[in-house]
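Chains as they are written, first to last, in this note's numbering: chain W, 371 to 752; chain R, 11 to 148.
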């Protein structure tokens, strides 16, 4: 059994630029972030013996591009939370002795689309047969499908959903790398352009370019690195369905309810001990589902929890402190950036640093509620 | 006949009966032989127990509006704003569809409103199971 804090993150970096990066193709965004992460650890590609990145045929492209000969690879691709699963799988692999030093990379030219890989569902796939004929056009038309049902069952209002975007903008205002930093009000959100009712543009994530990379090793080796180690206390993962129309409960994600509590239990922590939290916010409803499904709020209480200021700067559970997918950046697979912010908070180097934070929960979603991964971090080894 | 441009489903051996049924004006679902529970999308075994002992039957076509979005941007084959809906069939399963013979507004599209299937051909090969407000509700 993998011990609490047995594995640590020793390298964590984003691409040199995020946002609009027309000067880099997708594979170079991977490499740029990987080089930045290796630079801060003093590692060279030949020191890396494990590689993880998203998708079929990708580990070999990244390994070859960077000059790595891995003994262990992982190409798990379950959407934007794939990196949480990579962290989990890498921790297990290091524990098992399959490899010693794992590099996880992400790069996506989501905005500039240089060497990007669009993959519309095949007409023979279940999505192609039973969802695509009815006019969905990307995540803004699919991810919000359960929202009206959630609002009706939980008594959540349009103002409540708008408040999620307002609070996250407040965090983004403290972050020089955030794409949108000007304060917004609930009225601004509710007057912004309608995309797919009930969601307006300010309730939808950004579309940007960027990359990120993480380097993991055993906690025993971590002390040899110049960076402050961030220990992995617990991890969880799950999937439900690739078709949002088929998710069992429109008010709660099965994948969240498995991944989140699995990670928290493995970490052996009480929820009240959590100082900082990231919940992948592709759209404004995600933090509400995340807070409830991970047990930080009772069903129906997340909207009030956010409205009362608990997740704001100075609140008792600072949430999405980089500004989130709504205001910081969202390349298409934001999970890597949520992990980067958790690591920064645990290192004490975040632009909007939570003073004295010791435990961070980082929760990701993949597809439209189709997958999930959760990591509990700490800057103290239990 | 629907306006051209929509993504057209391509049936597989496991789903052909469903699409053939739509063409004949029948909404065909499947039932688990072990539990009697109904499931969707089609597959030749039960997602509840794994048994291959399953049967195909014709559903009532009655449903209620479960959730939806109203898309405001243009997509080939659609005139915005248009609703992308999920309906819950009387037999239990939910499916994605469009709501026809109804204003595409939050006021007209009330959650839980009763609906009935409205088979609408895309072309000679494919007929889609769309839904419209049930007669008693109109």
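Just so it is clear, CB atoms sit at the ideal spot from N, CA and C, and this is done for glycine as well.
Unbroken beta strand (DSSP E) run spanning residue i, endpoints
i: residue 67 (chain R); result: 64-68
i: residue 149 (chain R); result: The requested residue 149 (chain R) does not occur in the structure, where chain R is confined to residues 11 to 148.
i: residue 142 (chain R); result: 137-143
i: residue 733 (chain W); result: 729-736
i: residue 420 (chain W); result: 420-422
i: residue 104 (chain R); result: 104-107
Euclidean distance between Cα positions of residue i and residue j
i: residue 721 (chain W); j: residue 422 (chain W); result: 28 angstroms
i: residue 585 (chain W); j: residue 513 (chain W); result: 31 angstroms
i: residue 574 (chain W); j: residue 564 (chain W); result: 10 angstroms
i: residue 113 (chain R); j: residue 566 (chain W); result: 16 angstroms
i: residue 88 (chain R); j: residue 692 (chain W); result: 37 angstroms
i: residue 94 (chain R); j: residue 411 (chain W); result: 49 angstroms
i: residue 746 (chain W); j: residue 109 (chain R); result: 43 angstroms
i: residue 754 (chain W); j: residue 709 (chain W); result: Residue 754 (chain W) is absent from the model: chain W starts at 371 and stops at 752.
i: residue 431 (chain W); j: residue 654 (chain W); result: 34 angstroms
i: residue 515 (chain W); j: residue 695 (chain W); result: 19 angstroms
i: residue 620 (chain W); j: residue 517 (chain W); result: 8 angstroms
i: residue 498 (chain W); j: residue 53 (chain R); result: 15 angstroms
i: residue 419 (chain W); j: residue 658 (chain W); result: 39 angstroms
i: residue 536 (chain W); j: residue 30 (chain R); result: 49 angstroms
i: residue 485 (chain W); j: residue 690 (chain W); result: 29 angstroms
i: residue 670 (chain W); j: residue 526 (chain W); result: 8 angstroms
i: residue 568 (chain W); j: residue 80 (chain R); result: 7 angstroms
i: residue 459 (chain W); j: residue 73 (chain R); result: 43 angstroms
Burial state of residue i, where buried means 16 or more other Cβ atoms lie within 10 Å
i: residue 409 (chain W); result: exposed
i: residue 481 (chain W); result: buried
i: residue 448 (chain W); result: buried
i: residue 34 (chain R); result: exposed
i: residue 509 (chain W); result: buried
i: residue 388 (chain W); result: buried
i: residue 28 (chain R); result: buried
i: residue 617 (chain W); result: buried
i: residue 570 (chain W); result: buried
i: residue 64 (chain R); result: buried
i: residue 626 (chain W); result: buried
i: residue 67 (chain R); result: exposed
i: residue 636 (chain W); result: buried
i: residue 688 (chain W); result: buried
i: residue 545 (chain W); result: buried
i: residue 701 (chain W); result: buried
i: residue 139 (chain R); result: buried
i: residue 11 (chain R); result: exposed
i: residue 532 (chain W); result: buried
Contacting residues, own chain, Cβ-Cβ under 6 angstroms from residue i (five flanking each side not counted)
i: residue 70 (chain R); result: 100
i: residue 717 (chain W); result: 598
i: residue 595 (chain W); result: 380, 411
i: residue 744 (chain W); result: 606, 629, 630, 633, 733
i: residue 56 (chain R); result: 42, 64
i: residue 455 (chain W); result: 446, 607, 743
Endpoints, the alpha helix (DSSP H) within which residue i is located
i: residue 630 (chain W); result: 624-637
i: residue 674 (chain W); result: 672-677
i: residue 709 (chain W); result: 705-717
i: residue 660 (chain W); result: 656-663
i: residue 695 (chain W); result: 694-697
i: residue 40 (chain R); result: Segment 38-42 is the beta strand (DSSP E) holding residue 40 (chain R); no alpha helix (DSSP H) there.
i: residue 432 (chain W); result: 428-436
i: residue 579 (chain W); result: Run containing residue 579 (chain W): none in the alpha helix (DSSP H); it sits in the beta strand (DSSP E), 579-588.
i: residue 460 (chain W); result: 452-466
i: residue 520 (chain W); result: 517-524
Own chain residues within Cβ distance below 7 angstroms of residue i, not counting five before or after
i: residue 728 (chain W); result: 645, 748, 749, 750
i: residue 542 (chain W); result: 548, 550, 551, 693, 697, 698
i: residue 118 (chain R); result: 112
Own chain, CB closer than 8 angstroms to residue i, minus 5 neighbours either side, in chain order
i: residue 726 (chain W); result: 645
i: residue 120 (chain R); result: 75
Check: residue i C-beta below 6 angstroms from any heavy atom of the ligand GDP
i: residue 500 (chain W); result: The ligand GDP is not among the ligands present in this structure, which contains no ligands whatsoever.
Closer than 7 angstroms to chain C by CB, residue i
i: residue 513 (chain W); result: Note that chain C does not occur in the displayed structure, where the protein chains are W and R.
Fill in: Residues, ordered as in the chain, of the segment 687-707 of chain W that lie near chain R by beta-carbon distance below 8 angstroms
none
Worksheet item: Going along the segment 545-578 of chain W in order, which residues come within less than 7 angstroms of chain R, judged by CB to CB distance?
Response: 564, 565, 566, 567
Worksheet item: When you check each C-beta in the segment 61-72 of chain R against every C-beta of chain W, which residues fall closer than 9 angstroms?
Response: none
Item to complete: Compile a chain-ordered list of the residues in the segment 483-511 of chain W whose CB is closer than 7 angstroms to at least one CB of chain R.
Response: 493, 494, 496, 498, 499, 500, 501, 502, 503, 504, 505, 506, 507, 511
Discussion item. Any C-beta of chain W within less than 8 angstroms: which residues of the segment 85-113 of chain R qualify?
Written reply: 85, 87, 88, 91, 92, 94, 95, 96, 104, 105, 106, 107, 108
Worksheet item: Listed from N- to C-terminal order along the chain, which residues in the segment 598-616 of chain W have their beta-carbon within a distance smaller than 9 angstroms of any beta-carbon of chain R?
Response: 613, 614, 615, 616
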